[in-house]
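First residue of the sequence shown? That's 27 in our numbering, and the numbers climb one at a time after it.
For each residue, glycine too, the CB sits at the ideal point set by N, CA and C.
Values in this document were obtained by computation on a predicted structure and should not be read as measured data.
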Amino acid sequence: MQTPADRHDRHAYPSHWEADVVLRDGGTARVRPITVDDAGRLVSFYEQVSDESKYYRFFAPYPRLSAKDVHRFTHHDFVDRVGLAATIGGEFIATVRYDRIGADGMPASAPADEAEVAFLVQDAHQGRGVASALLEHIAAVARERGIRRFAAEVLPANSKMIKVFTDAGYTQQRSFEDGVVRLEFDLEPTDRSVAVQRAREQRAEARSVRRLLTPGSVAVIGVGRAPGGVGRSVLGNLRDAGFTGRLHAVNQAFPDDLKEVDGVPAHRSVRDIDGPVDLAVVAVPAEQVPDVVTDCGEHGVQGLVVLAAGYAESGPDGRERQRELVRHARTYGMRIIGPNAFGIINTAADVRLNASLAPEMPRPGRIGLFAQSGAIGIALLSRLHRRGGGVTGTTGVSTFVSAGNRADVSGNDVLQYWYDDAETDVVLMYLESIGNPRKFTRLSRRTAAAKPLVVVQSAGSAPQGHAVRATRLPHATVSALLRQAGVIRVDTITELVDAGLLLARQPLPAGPRVAILGNSESLGLLTYDRCLAEGLRPAPPLDLTTTATPADFHRALAEALADESCDAVVVTAIPTIGEGAVGDGELAEALRSAAEGAHGKPVLVVHVELGGLAEALSAAGRTAPQAPVMAPGASGGTHRLRPAPTQTAARTPSAGAGRTPPAAVTETARPRAPHSCSRLIPAYPAAERAVRALAEAVKYAQWRREATDPGKVPEYDDIDERGAAGLIGTLLERGEGLTLGTEETCALLGKYGVAVHRALPARTPEAAARAAADLGYPVALKATAPHLRHRADLGGVRLDLADEEQLRRAYTELTELFGSPAELRPVVQRMAPRGVDTVVRAVIDPAAGAVLSFGLAGAASQLLGDTAHRLVPVTDRDATSLVRSIRTAPLLFGWRGSAPVDTPALEELLLRVSRLVDDHPEVVAVTLEPVVVARHGVSVLGATVRLAPPPARDDLGPRTLPAY
Numbered sequence: 027m028q029t030p031a032d033r034h035d036r037h038a039y040p041s042h043w044e045a046d047v048v049l050r051d052g053g054t055a056r057v058r059p060i061t062v063d064d065a066g067r068l069v070s071f072y073e074q075v076s077d078e079s080k081y082y083r084f085f086a087p088y089p090r091l092s093a094k095d096v097h098r099f100t101h102h103d104f105v106d107r108v109g110l111a112a113t114i115g116g117e118f119i120a121t122v123r124y125d126r127i128g129a130d131g132m133p134a135s136a137p138a139d140e141a142e143v144a145f146l147v148q149d150a151h152q153g154r155g156v157a158s159a160l161l162e163h164i165a166a167v168a169r170e171r172g173i174r175r176f177a178a179e180v181l182p183a184n185s186k187m188i189k190v191f192t193d194a195g196y197t198q199q200r201s202f203e204d205g206v207v208r209l210e211f212d213l214e215p216t217d218r219s220v221a222v223q224r225a226r227e228q229r230a231e232a233r234s235v236r237r238l239l240t241p242g243s244v245a246v247i248g249v250g251r252a253p254g255g256v257g258r259s260v261l262g263n264l265r266d267a268g269f270t271g272r273l274h275a276v277n278q279a280f281p282d283d284l285k286e287v288d289g290v291p292a293h294r295s296v297r298d299i300d301g302p303v304d305l306a307v308v309a310v311p312a313e314q315v316p317d318v319v320t321d322c323g324e325h326g327v328q329g330l331v332v333l334a335a336g337y338a339e340s341g342p343d344g345r346e347r348q349r350e351l352v353r354h355a356r357t358y359g360m361r362i363i364g365p366n367a368f369g370i371i372n373t374a375a376d377v378r379l380n381a382s383l384a385p386e387m388p389r390p391g392r393i394g395l396f397a398q399s400g401a402i403g404i405a406l407l408s409r410l411h412r413r414g415g416g417v418t419g420t421t422g423v424s425t426f427v428s429a430g431n432r433a434d435v436s437g438n439d440v441l442q443y444w445y446d447d448a449e450t451d452v453v454l455m456y457l458e459s460i461g462n463p464r465k466f467t468r469l470s471r472r473t474a475a476a477k478p479l480v481v482v483q484s485a486g487s488a489p490q491g492h493a494v495r496a497t498r499l500p501h502a503t504v505s506a507l508l509r510q511a512g513v514i515r516v517d518t519i520t521e522l523v524d525a526g527l528l529l530a531r532q533p534l535p536a537g538p539r540v541a542i543l544g545n546s547e548s549l550g551l552l553t554y555d556r557c558l559a560e561g562l563r564p565a566p567p568l569d570l571t572t573t574a575t576p577a578d579f580h581r582a583l584a585e586a587l588a589d590e591s592c593d594a595v596v597v598t599a600i601p602t603i604g605e606g607a608v609g610d611g612e613l614a615e616a617l618r619s620a621a622e623g624a625h626g627k628p629v630l631v632v633h634v635e636l637g638g639l640a641e642a643l644s645a646a647g648r649t650a651p652q653a654p655v656m657a658p659g660a661s662g663g664t665h666r667l668r669p670a671p672t673q674t675a676a677r678t679p680s681a682g683a684g685r686t687p688p689a690a691v692t693e694t695a696r697p698r699a700p701h702s703c704s705r706l707i708p709a710y711p712a713a714e715r716a717v718r719a720l721a722e723a724v725k726y727a728q729w730r731r732e733a734t735d736p737g738k739v740p741e742y743d744d745i746d747e748r749g750a751a752g753l754i755g756t757l758l759e760r761g762e763g764l765t766l767g768t769e770e771t772c773a774l775l776g777k778y779g780v781a782v783h784r785a786l787p788a789r790t791p792e793a794a795a796r797a798a799a800d801l802g803y804p805v806a807l808k809a810t811a812p813h814l815r816h817r818a819d820l821g822g823v824r825l826d827l828a829d830e831e832q833l834r835r836a837y838t839e840l841t842e843l844f845g846s847p848a849e850l851r852p853v854v855q856r857m858a859p860r861g862v863d864t865v866v867r868a869v870i871d872p873a874a875g876a877v878l879s880f881g882l883a884g885a886a887s888q889l890l891g892d893t894a895h896r897l898v899p900v901t902d903r904d905a906t907s908l909v910r911s912i913r914t915a916p917l918l919f920g921w922r923g924s925a926p927v928d929t930p931a932l933e934e935l936l937l938r939v940s941r942l943v944d945d946h947p948e949v950v951a952v953t954l955e956p957v958v959v960a961r962h963g964v965s966v967l968g969a970t971v972r973l974a975p976p977p978a979r980d981d982l983g984p985r986t987l988p989a990y
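Spelled out as structure tokens, the structure:
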């Protein structure tokens, strides 16, 4: 975009106002300022608007724009007069403008803070949410330019535009005069306007992903004439999966007389296809992709899956190529999966889409799967597909997305889709990076309140091809914040599948109480120990002995499930041999029938070398039409139970069918909610895998219960928010970034009711004595040099000095041990009541937002990373859980006979610091160390505060896609 040449413009072209937005129907548009170069586009746009829409805009017949109109609507100063356009393919589809006005309604300049606003949307694009998106952006621009209020005059018959204003969520006034509706509304975001904006964001982004996953027609571009190659493979996968829509094969090298490839219509270009194309799978080299994108855009393709590599993962040139790809596609309103993607899958019966490199369609099921890495995507699909290797039977995949470099569509977009997707009960995500942690946390919290979200997050640096916002938070801190948002954080893809299998087909446990029963005392004890290690509360294992029959298992499981002191049951089973050996299918049926009567308690099975049992458990759960029935255990194996002569079960043929490998996780059926198929009992080959999955389910269930009442942010009468704002403004006049001095820190914290104990400098022994006399004995003498500060373990602190003689002796010892007073920087402070030393910190991270942290003071806590974190603003319930979530929390509650300390006072301090940081984003860092928590009250002995201009918060601004 060129900088406007109009010499009367008061400001340079504001390129930061440019943005890509997702519209209500899932398409995209570009929002940008209107400049003097847009005269031709404006005239063309106006010619395509209906007479009725023109009448609504100008309140009179207005068939064409005059030269004066064109000049007025394209010449802006970007302060008092601003115009924005929504464009697709470089052409206008809608415009909005504001003109600043004074109290008399005439054109004005600052300090006037009101403006008139008017819209015009091309008829073909009305109903797509264009005006709502433009209103968000023009309001953000107006706030930036000091405008606080909009006024709009609308004809009563123009109900669509009235609805745009009234539905926006701003505080409004409405009047009717001279046949015109006048709307006035403040532009300050409200809780309702933010909620409306986020609801629109969710619907738009979900629909944009839905358009990719439910196409009516697919073109594979780059299909080779000979078998093999990426394009030909994807075409075959689509065809073999039974895609229900129309398929097209495209290759510019096809001869003119070639009509079909593998029974699919063949074309030399997408433009040659008769009819719409919803999705294009691009399997051509990177250098050919731009021409393909142009062809697709001109033909009206809605979305692209770009499999080609050679983009940001290959270095700087590739990164620029990737940016241009995204810009190019968005010009036409298309969204992109990739580049460097593995593909997408939708197993729904009315879609059957396998637009990926996976040679086999995974089983239909209730799990949504997202992987940035193609290699990890292959591994997960393999585990979820093969019998015994993960989820079997009817617990399969609903949809799968491998985003590759995720240049456009990301995990956030797919979360928006899965949030209200009725076909997905559990979401599994493998993330190599999180591009927008603040948004991901917000979406995760909302999604986790509706369905489980299990995440593996790579701890390393982001892959070369990923655009990631810089964060200063350690990986462990980010993981803790995700858990706070309800995310089930696991470390490996094995744990990802194990947890997903349990959550997809079992109810959430009501608590941590676990019953253990089985035919092996040793395996039962091993399971018991693992439950203790995971923080569960197991009852002593019930040993049914190796002679247990299926009836014994059935009776014991039924009794355990009926016991009100039990929240979940783990069944352990080992092989039996001899005359009375139990049949696989018979035992599976016994477990299944016993579990049918207890819908509210999860049941898990731990089996050892029972390939036949795992197979029978899996087979017992099949509810979809299956292949002819076969006897369970027919696959054989040296450690299988003897088949029962009367039991049969269906088996689904699949690659690798046969004896279940020892590492398998399988399942059996159990009643499920009416909207889905039978619930399945998962079977794990190791106790630690089963118990870890159960422990994650217990913690998640607890989070769900607590999420229904998240608590509140308390109000404190003694907080002086306005006084703090004035002090911060005065201090920031000194410079961009500022670490406050002691007096300034105490003054600012005092505005929020946080009192800091005075610490007086002691440059000489005499100064120390005077300070102590001023403060009153007993006192403490501390070295505050950076290498000794807060390091009592190094000996730089002397406590309980009762008189001047002790003080002078301590002063001499410190200087002899550590150096001159100039090096030590000693201070004198009045002794605080004895208690537990803690640390409270708050920091504003540019990616994650404001974070409040708490832990005990000392090297041990730092070495062990024993610090808890919560996102700001912190509620009263957050503060309570924050204090109790560190491993050393027992020290606060009377560990080993010590007196409990005043944790309510500590929680209040945490809430006050949270309020300070939330109310004033200019406070970018706060550290209170140490905070001594005594039996009654807390004492803040040290504090530092850093001020800086606050980082931009795009989560409160208008909806935008990541910029390229």
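Quick one: what does DSSP say residue i is sitting in, helix, strand or coil?
i	result
N462	coil
H946	coil
F579	helix
P533	coil
P976	coil
G875	strand
G881	strand
H501	helix
V256	helix
Y554	helix
P59	strand
H34	Because H34 carries a pLDDT of 44, less than 50, the predicted location of this residue cannot be relied on, and the following value inherits that uncertainty. Coil, per DSSP.
Under 6 Å Cβ to Cβ from residue i, same chain only, skipping five residues before and after it: list those, please.
i	result
G881	V865, S887, D892, T893, I912
E210	A177, Q199
H151	I119
Compare the C-alpha of residue i against each of the options and name the closest.
i	options	result
Y445	L774, Q228, P291, V307	Q228
L987	T357, L499, G195	T357
I754	P947, P40, A275	P947
D735	S340, V482, V966, D904	D904
L991	S505, N277, V966, D447	Nothing can be reported for residue 991: it is not among the residues displayed for the chain, which extend from 27 to 990.
E714	Q278, Y726, R556	R556
L706	K627, Q728, T756, R748	K627
A848	D863, T906, R789, I188	R789
V105	E612, T121, R126	R126
C322	D298, P899, E313	D298
How close, in whole Å, do the beta carbons of residue i and residue j come, if the pair is a contact with beta carbons under 8 Å?
i	j	result
F927	L918	Here the sequence assigns Val to residue 927, which means Phe is not the residue at that position. About 5 Å separates the two Cβ atoms, so the contact holds.
L407	S259	Between S259 and L407 the Cβ distance is about 15 Å, and since that is not below 8 Å, they are no contact.
Can you give me the Cβ contacts of residue i inside the same chain, cut-off strictly under 8 Å, excluding the 5 residues immediately before and after it?
i	result
V315	V308, V332, A334, L351, P365
R938	Y742, I745, Y778, G779, V780
D64	T100, A111, F118
Kindly list the residues whose CB is nearer than 7 Å to the CB of residue i, restricted to its own chain and excluding five residues on each side of it in sequence; keep chain order.
i	result
A405	I519
query: Could you give the uninterrupted runs of the beta strand (DSSP E) lying entirely in the region 810–868, keeping only those of 3 residues or more?
result: Qualifying beta strand (DSSP E) stretches, in chain order: 823–827, 852–856.
- prompt: What are the start and end residues of each continuous alpha helix (DSSP H) run of 4 or more residues lying completely inside the region 61–102, in chain order?
  reply: Here the runs fully enclosed are 65–73, 77–84, 93–100.
Length-filtered (3 minimum) beta strand (DSSP E) runs lying within the region 93–181: Listed in chain order, the complete beta strand (DSSP E) runs (minimum 3 residues) inside the region 93–181 are 107–114, 117–127, 140–147, 175–180.
task: Can you check the region 351–425 for any beta strand (DSSP E) of at least 3 residues that lies completely inside it and give the ranges in chain order?
output: For secondary structure counted as the beta strand (DSSP E) over 3 or more consecutive residues, the region 351–425 holds these complete runs in sequence order: 361–363, 369–372, 379–382, 390–397.
- request: Could you pull out every unbroken beta strand (DSSP E) segment of at least 3 residues lying fully inside the region 429–460, listed in chain order?
  value: Under the rule that a run must span 3 or more residues, the beta strand (DSSP E) segments found entirely inside the region 429–460 read 452–457.
query: At which residue ranges does the region 731–801 contain complete alpha helix (DSSP H) runs of 4 or more residues, listed in the order of the chain?
result: List check, alpha helix (DSSP H) in window: 747–758, 768–776, 791–801.
query: Residue ranges of each alpha helix (DSSP H) run of no fewer than 4 residues wholly in the region 307–338, ordered along the chain?
result: Counting whole runs of 4 or more residues, the region 307–338 contains the alpha helix (DSSP H) stretches 315–325.
task: Just list the beta strand (DSSP E) runs in the region 209–249, keeping only unbroken ones of 3 residues or longer that don't cross its boundaries, in chain order.
output: Counting only runs of 3 or more residues that sit fully inside the region 209–249, the beta strand (DSSP E) segments are 243–247, in chain order.
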